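All remarks here apply to the structure that follows.
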């Protein structure tokens, strides 16, 4: 429905504020295998280090009582950005069939567009519980209202999250000259952001292991992870690449590597124009 009224002449195009409401749906999908992913298990590190502490090492190692503290995937460096052509989401049509200029009010309309977030682990870590970190999109680009996704550090396949963003073009009051038509057109710019990630996390707490005694296997014992690895280090061993002991927090820190690709729509806007974009049909307008 439209409401008429008198007004002044309008310019050929006018930009309006727009709304973007996000995340009707979010789906996590494991996709194609990543290239040359290296995922090191925490249990294997403990076992390898244990031979520097006990001549027969530790066996039957269980890490379910260890906790993961810091959990964040941080973008590294500047992303590569490829922008596509302006993408038109929808339109509303305002026609003034009278002999006088009128201010008409357009219908509000909404359209949904799917953004795709893909992450790949190059060097990761695994244990008996899920090792993961939060990737905040706003550290790369702002889009929609969902601000992050969770990356599994022990997944050897590309992890893909699909985010449905619902963009709303609010009703507009538009001066339409006599005998003419105006179009309210909503659009955005598709863009692909590609870059690197530092997969950060820390471990602390106790694990369980069984020591080989002279008569065979002993009973299971609890070991503090930091203290145990510190003792192994004092006897000449080193940790694998990406792992380090944090003396201030008394944690085992890990920094892995990965990549991300964000296929998103940015710069959502609503514009009033005398003509429709060439590939939009008037019949598609509300």
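Residue numbers (our numbering): 50 to 335.
Here a beta-carbon is modelled for each residue, glycine too, at the ideal position from N, C-alpha and C.
Nothing here was measured: the structure is a model prediction, and the numbers come from that model.
Next item on the list: Consult DSSP for residue 96 and reduce its assignment to one of helix, strand or coil.
Entry: Position 47 of the chain shown holds residue 96. Helix at residue 96.
Margin query: Tell me the residue span of the alpha helix (DSSP H) that contains residue 279.
Written below: Position 230 of the chain shown, counting from 1, holds the residue named residue 279. Residue 279 -> alpha helix (DSSP H) spans 274 to 283.
Margin query: Using a Cβ distance threshold of 8 Å, determine whether the region 254 to 263 contacts the region 98 to 115, with at least three qualifying pairs required.
Written below: Touching, per the Cβ criterion.
Item checked: Exposure of residue 319, with buried meaning 16 or more beta-carbon neighbours within 10 Å -> Within the chain shown, the letter at position 270 stands for residue 319. By the neighbour-count rule (16 or more Cβ atoms within 10 Å), residue 319 is buried.
Notebook entry, point to check: Taking all protein chains shown into account, do 16 or more other C-beta atoms lie within 10 angstroms of the C-beta of residue 181, making it buried, or fewer, making it exposed?
Noted result: Position 132 of the chain shown, counted from the start, is the residue given in the question as residue 181. Flag for residue 181 reads buried.
Next item on the list: Give the DSSP-derived three-state secondary structure of residue 105 in the structure shown.
Entry: One-based indexing of the chain shown puts residue 105 at position 56. Coil, per DSSP.
Note to self: Excluding the 5 residues flanking residue 288 on each side, which residues of the same chain have their C-beta closer than 6 Å to its C-beta?
What the structure shows: Mapped onto the chain shown, residue 288 falls at position 239. Within the same chain, and ignoring the five residues on either side of residue 288 in sequence, no residue has its Cβ closer than 6 Å to its Cβ.
Next item on the list: Tell me whether residue 248 sits in a helix, a strand or coil according to DSSP, three-state version.
Entry: As a working mapping, residue 248 is identified with position 199 in the chain shown. Looking at residue 248 - three-state DSSP - the assignment turns out to be strand.
Check: Which two residues bound the contiguous beta strand (DSSP E) that contains residue 198?
Finding: Counted from its first residue, the chain shown places residue 198 at position 149. Counting along the chain, the beta strand (DSSP E) containing residue 198 begins and ends at 197 to 201.
Notebook entry, point to check: When burial is assigned at 16 or more other CB atoms within 10 Å of the CB, is residue 276 buried or exposed?
Noted result: As a first step, residue 276 must be located in the chain shown, where it is residue number 227. Exposed, by the Cβ-count rule.
Next item on the list: Alpha carbon to alpha carbon, how far is residue 232 from residue 334? Give it in angstroms, no decimals.
Entry: As a working note, residue 334 is residue 285 in the chain shown. As a working note, residue 232 is residue 183 in the chain shown. Straight-line measurement puts the Cα of residue 232 at about 8 Å from the Cα of residue 334.
Check: Given a threshold of 16 other Cβ atoms within 10 Å of its Cβ, counted over all protein chains shown, does residue 136 qualify as buried or as exposed?
Finding: The residue you call residue 136 lines up with position 87 of the chain shown. Per the 10 Å Cβ criterion, exposed.
Notebook entry, point to check: Which same chain residues, not among the five before or five after residue 114, have their C-beta less than 8 Å away from its C-beta?
Noted result: As a first step, residue 114 must be located in the chain shown, where it is residue number 65. 254, 255, 256, 257, 271, listed in sequence order.
Next item on the list: Would you decide whether residue 203 is buried or exposed? Buried here means 16 or more other CB atoms lie within 10 Å of its CB.
Entry: Position 154 of the chain shown, counted from the start, is the residue given in the question as residue 203. Burial call: buried.
Item checked: Assigned secondary structure, residue 331 (DSSP; H/G/I helix, E/B strand, else coil) -> For the purposes of this step, residue 331 is identified with residue 282 of the chain shown, where counting begins at 1. It is helical.
Next item on the list: Tell me whether residue 317 sits in a helix, a strand or coil according to DSSP, three-state version.
Entry: Translated into the one-based positions of the chain shown, residue 317 becomes position 268. Residue state, collapsed to three classes: strand.
Next item on the list: Confirm, please, whether the CB-CB distance from residue 291 to residue 206 is below 8 Å.
Entry: Within the chain shown, numbered from 1, the residue matching residue 206 stands at position 157. Within the chain shown, numbered from 1, the residue matching residue 291 stands at position 242. No, these two residues do not count as a Cβ contact at 8 Å.
Checklist line | Of the residues 312, 223, 196, 230, the one placed nearest residue 244, counting alpha carbons only | finding: Along the chain shown, read from residue 1 onward, the residue named residue 244 stands at position 195. It is 312 whose Cα lies nearest to the Cα of residue 244.
Check: Of all Cβ atoms in chain B, is any one closer than 8 Å to the Cβ of residue 141?
Finding: Of the protein chains in this structure there is only one, and it is not chain B.
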